[in-house]
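What follows is a short report on a single structure.
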Amino acid sequence: MKKSPVILVVAIGIGAALFFVLGRFVAIPTPIPNTNFSLQYALLGFMAGLFGPIAGLLIAFIGHALIDFSYGWGIWWSWVIASAVAGFIMGLASKKLALSEEPFDGKKIIIFNLFQIVAHLVAWGVVAPVFDILIYAEPANKVFTQGLVAGASNIVTTAVVGTLLCFGYTKARPAEGSLKKED
Amino acid sequence: MQEREPIIQFKDFGFKYKSQSEPTLYDINLTICKGEKVLICGPSGCGKTTIAHCINGLIPSSYPGEATGELTIAGSSFRDLDIFKLSKTVGTVLQDSDAQFIGMTVGEDIAFALENDRIPLDQMRERVAEVSMKTGVYSFLRHAPHQLSGGLKQRVSLAGVLVDDVDVLLFDEPLANLDPATGKTTIEMIDELYRTTGKTVIIIEHRLEDVLHRDIDRIVLMGEGRIIADMDSASLLSSDLLKKNGIREPLYITALKYAGVNINEDIRPQRIDTLDLSDEDIAKVQNWYHSVPEKPQPAEAPVILDAKGITFSYGGSAIKALDAVDLTIHKGEMMSIVGKNGAGKSTLSKVICGFERQQKGTIFLSGEDLASMSIKERADHIGYVMQNPNQMISKPMIRDEVALGLVLEGKLSKKEIDRKVDSVLKVCGLYPFRNWPVSALSYGQKKRVTIASILSMDPEIIILDEPTAGQDYRHYTDIMEFLRSLNEMGITIILITHDMHLMIEYCTRAVVLSDSRKIADTSCEEVLTDSEVVEEANLKETSLSVLAGMCGIFDAQDFIRRFITADREARK
Amino acid sequence: MITFDTRLLAALTVLAVVVMIVSKVRISDVKVLFWFSFVFMILNTFLIFVFSPEHGVTVYGTRHEICHLVWKVYLVKEQLFYLLNIVLKYTSTIPVVILFVSTTDPSEFASSLNRIGVSYKIAYSVSLALRYIPDIQREYHDISIAQQARGLEMASRKQSFLKRLKNAASMLFPLIISSMNRIEVIANAMELRGFGKDKKRTWYSARPFRAADIFSVVVCVLMLAASIVLGIINGGRYFNPFV
């Protein structure tokens with residue numbers, strides 16, 4: 005698949021649709037009661053890693069805004085922006101990861117996770133709470149606690165599911181040459 | 238015939254994809270003239286799709302590679318053209334009408350090309366109205382894609398291409414996802430368009446008999462990247478090239494050949510309704526018919542699955558997806574559930590597997606009520622294989638995929654699982670590939686992987702949804718013979734399909750659903766010779782029964798039965 | 002968006018309710034949305050109280066105690082007033098958003114985004130997302146059920162959370178592979194019909210700008226002006242009744 009501008013447009017659209025479906029309809033309970041892992045950030049890590057920072061930013065922005073819309077409470081801008089920032093930072097790893105050409109081995113796994121940890125720390129530890137205070141005038145200790153809980157949970161989700169998706173995808177690419185039938 | 242002006246011309250053309258080490262096309266010399274109607278056919282991997290991509294510009298736009306030789310389209314060399322320029326000359330209707338339908342409504346989708354050309358709104362509406370009337374979708378302009386049937390979606394795709402007033406219409410496997418009657422209508426629609434507009438029509442398809450329902454000027458037969466034949470349909474059918482190259486001949490042609498009738502252009506073999514048989518030929522067919530032994534009727538086996546009065550509607554909807562359907566399955570049977578898209582076939586299988594719960598009715602498996610069983614518990618007895626193997630495979634490596642169910646169950650030790658997986662892989666002919674990634678396999682092999690992963694759970698019944706959709710004859714035979722071998726091992730097999738060949742060749746019995754109700758439950762031959770059922774369920778009469786009629790054989794069912802017996806013998 | 006002037010928020014709430022009634026949206030259609038937002042609003046307000054029971058004091062600079070609750074927590078007038086502002090903020094926006102969601106034709110949404118200056122390619126991404134959400138949702142449903150039949154669970158608390166996440170990856174894998182194919186085919190279909198060849202495009206679903214639209218734009222500008230003016234008068238985002 006060649007990464008033409010049209011591919012990018014479609015990848016953003018389909019990525020946002022996937023982000024929406026996973027965020028809206030899929031619930032995996034965490035060890036903390038009544039909270040769920042947000043599987044969409046694992047997807048985001050993979051999509052951003054494959055299609056780059058702009059795609060990551062827009063997939064998260066559109067997908068998250070659509071989720072908020074669908075609940076009716078209006079777009080909670082601070083968190084939508086935070087999602088977009090997370091998508092952007094994770095996408096910065098795409099050149100180094102080269103998911104569509106190279107295998108996803110030890111070093112790549114470290115790069116992927118390094119970027120995703122930084123991304124989630126910046127997004128949920130800084131961007132989301134700061135905008136919560138600026139836009140919604142919420143108390144600082146509440147928003148920072150919320151941000152850190154969300155950040156930690158997203159880091160775990162992306163580390164496990166995101167890494168597995170990248171690994172599976174690179175394994176699933178049409179293989180070249182080296183295979184032999186065994187008896 | 239007068240000399241026509243060429244519009245597409247390949248000269249010593251070759252092509253190699255960037256991602257592949259060997260070329261996909263060699264020495265292609267092909268001229269298609271203005272106003273011609275050409276069928277390009279060949280088995281999967283023969284290069285027919287690559288030719289289509291060269292004509293519409295997806296090569297090199299989306300699939301880069303190296304081309305040799307020359308290709309001229311509407312007077313310009315392909316080296317000077319790009320996908321956007323070509324889109325003004327060549328309109329492509331893709332196989333996957335869901336992916337091609339990118340607009341939110343029919344109107345928007347038809348207007349898509351105009352929007353990209355920056356046509357003002359009022360002109361756009363006029364043009365959309367005009368084209369949608371021509372293709373018969375005018376009354377659906379505000380409908381969303383999921384409100385349309387497969388046939389209508391295809392008409393929308395066609396309208397979306399016609400808005401551009403292209404010279405060439407390119408159909409990429411137009412019949413792949415359609416039920417038999419809709420496929421027939423599609424071929425008629427293409428033909429009518431061809432005759433009224435005089436556009437050049439190129440159809441890429443391997444379902445030869447269905448395309449030949451209407452006349453074709455020329456058939457280009459491809460194999461392994463080369464053009465093998467380029468001739469009119471009568472000459473091609475008179476040769477033995479089709480069979481040799483993995484394309485299924487029309488059934489009546491095969492029957493005539495078995496009967497020893499000499500097929501040549503004089504008997505006009507291109508369509509069943511043009512066929513001109515001499516008295517001598519008819520006598521040959523009759524003699525052959527009587528010489529084939531009758532197929533012994535299988536003994537009635539005990540009932541394994543018994544569903545009664547199944548009624549179901551989705552999400553509290555008032556429209557019933559299943560209306561008091563009864564279904565009885567005998568142990569060791571291989572049977573099919575047929576009917577048009579949306580008739581309730583898939584829903585019925587989902588209810589049996591417990592994916593959806595019926596509002597009324599009971600299902601018993603070997604005398605045990607299924608009502609209290611979870612999805613997983615039912616799955617231990619009844620395996621379900623989805624149509625698209627890519628939607629089922631959740632591990633990149635074959636071994637892991639086949640072992641997944643056992644690993645999750647956690648009952649067996651690792652060693653026992655290994656042994657079990659090995660034996661299943663051997664049964665499925667996948668053992669030599671056991672350490673390969675799934676992606677390295679062909680579609681047919683992937684299908685085997687999904688079946689293997691179900692087999693590892695030892696189900697008594699396997700339900701398969703359209704197991705051969707979109708497959709060429711070789712893959713079709715490969716998958717179906719494999720299923721037959723499983724059936725001979727004692728596994729009950731239920732096939733959900735709208736492939737009539739598959740039904741009569743491999744099943745003893747068919748249950749026909751139409752508009753949520755069961756309208757027939759009898760032998761496959763009887764279903765296909767009952768014109769009322771055929772019409773109501775969007776099925777298609779087989780050409781064999783027409784041939785039987787032509788030859789004065791009154792028992793068409795028996796004729797079909799004997800043909801299948803003879804065909805099986807011949808193919809062994 | 003920034004303002005927390007109680008009077009303006011109250012006025013906006015009234016306006017929102019009026020618009021809601023005028024619009025003739027059937028309550029039964031939007032009941033679920035209202036319910037979701039209501040729960041979210043209560044939850045968030047409650048969380049603010051738990052985390053920062055005296056945030057109002059820092060906002061307004063005074064402290065009028067009402068009574069002692071538990072431990073070190075007191076009920077304070079400023080806090081109640083601050084929470085009232087938070088609630089008003091919701092009540093002034095929720096009806097408008099719900100109205101927007103339930104009355105906007107998804108097809109018009111993309112063309113409108115393009116009109117307000119968003120690049121048409123991004124606008125089309127949004128349109129594609131809306132177009133394919135139902136398809137992807139159905140596909141996810143089918144995949145997840147077929148996987149459950151093989152014993153793959155991700156919601157069961159019987160398993161460790163790590164196991165649940167691993168199972169989730171197995172569940173997602175087919176969806177990802179099939180989505181990658183989908184992306185390729187859709188992109189081909191779009192390119193074959195000339196998407197992306199120009200810097201601009203027109204929209205079949207574009208709606209002409211009418212008098213009512215101009216009227217609403219004027220109303221919006223007035224509200225924005227009011228919030229700025231009030232911000233200057235109040236010397237900040239809050240209206241302070243305590244000084």
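Chains as they are written, first to last, in my numbering: chain U, 5 to 187; chain A, 238 to 809; chain X, 2 to 244. The beta-carbon is built from N, C-alpha and C at its ideal position, and this holds for glycine as well.
Residue contact with chain U for P260/A: absent (no Cβ-Cβ distance below 7 Å to any residue of chain U). Taking CB atoms only, G172/U has a neighbour in chain A less than 7 Å away.
For the stretch 653 to 678 of chain A, the set of positions with a beta-carbon nearer than 9 Å to some beta-carbon of chain U reads Y668, P669, F670, R671, N672, W673, P674, V675, S676, A677 in chain order.
Looking at the DSSP output, T759/A shares a beta bridge with A747/A.
Taking C-alpha positions only, D767/A is separated from K325/A by approximately 46 Å. L331/A has a beta carbon lying within less than 7 Å of a beta carbon in chain X.
Boundaries cannot be given for D477/A, as no beta strand (DSSP E) includes it and DSSP labels it neither H nor E.
Note on geometry: alpha-carbon atoms of T565/A and E725/A lie some 20 Å from one another. It is roughly 20 Å from the alpha-carbon of L602/A to the alpha-carbon of D702/A. Here the alpha carbons of G236/X and G197/X stand approximately 49 Å from one another. The contact set of L358/A on chain X, defined by CB atoms closer than 9 Å, consists of T203, W204, Y205, A207, P209 in chain order.
L70/U: member of the alpha helix (DSSP H) spanning 57 to 75, first to last residue. Runs of the alpha helix (DSSP H) lying entirely within the stretch 418 to 469 of chain A and spanning at least 4 residues, in chain order: 445 to 448. According to the DSSP assignment, D346/A belongs to the alpha helix (DSSP H) that extends over 343 to 353. Between the C-alpha atoms of H527/A and R711/A there is a straight-line separation of about 30 Å. The beta carbons of K100/U and I115/U sit closer together than 7 Å.
For E502/A, the three-state secondary structure derived from DSSP is helix.
The shortest CA-to-CA distance from A130/X to any of V122/U, G155/U, A132/U, A20/U is the one to A20/U. Across the stretch 138 to 161 of chain U, CB contacts with chain X closer than 7 Å involve I139, A141, E142, P143, N145, K146, T149, T161, in sequence order along the chain. Classified as buried, V165/U has 16 or more neighbouring CB atoms from the shown chains inside 10 Å of its CB. In the three-state scheme derived from DSSP, where H, G and I count as helix and E and B as strand, T309/A is classed as strand. For K421/A, the closest of T261/A, T434/A, L449/A, I439/A by C-alpha to C-alpha distance is L449/A. Around the CB of H124/U, 16 or more other CB atoms lie within 10 Å, so the residue is classed as buried. The C-beta of S120/X has fewer than 16 other C-beta atoms within 10 Å across all chains shown, which makes the residue exposed. When DSSP states are grouped into helix, strand and coil, C221/X belongs to the helix group. Under a criterion of Cβ atoms nearer than 8 Å, the residues of chain X adjacent to I339/A are, in order, L129, R132, I187, A190, M191. Note that the C-beta distance between G666/A and I716/A is not below 7 Å. Excluding sequence positions up to five before and after V18/X, its CB lies within less than 7 Å of the CB of P96, all in the same chain and listed in chain order. Excluding its 5 nearest sequence neighbours in each direction, A124/X has C-beta neighbours in its own chain below 6 Å: A111, L114, N115, listed in chain order. Note on geometry: alpha-carbon atoms of M459/A and W83/U lie some 56 Å from one another. Around the beta carbon of E762/A, 16 or more other beta carbons sit within 10 angstroms, so the residue counts as buried.
Cβ neighbours of D736/A within its own chain (closer than 7 Å, five residues either side excluded): T705. Using a CB distance below 8 Å, the part of the stretch 115 to 128 of chain X facing chain U consists of K122, I123, Y125, S126, V127, S128, ordered along the chain.
According to the DSSP assignment, I296/A belongs to the alpha helix (DSSP H) that extends over 295 to 298. Annotation: Cβ neighbours of P633/A in chain U (cutoff 9 Å, chain order): F171, G172, Y173, T174, K175, A176. Proximity to H68/U across L54/U, I85/U, P57/U peaks at I85/U, based on C-alpha coordinates.
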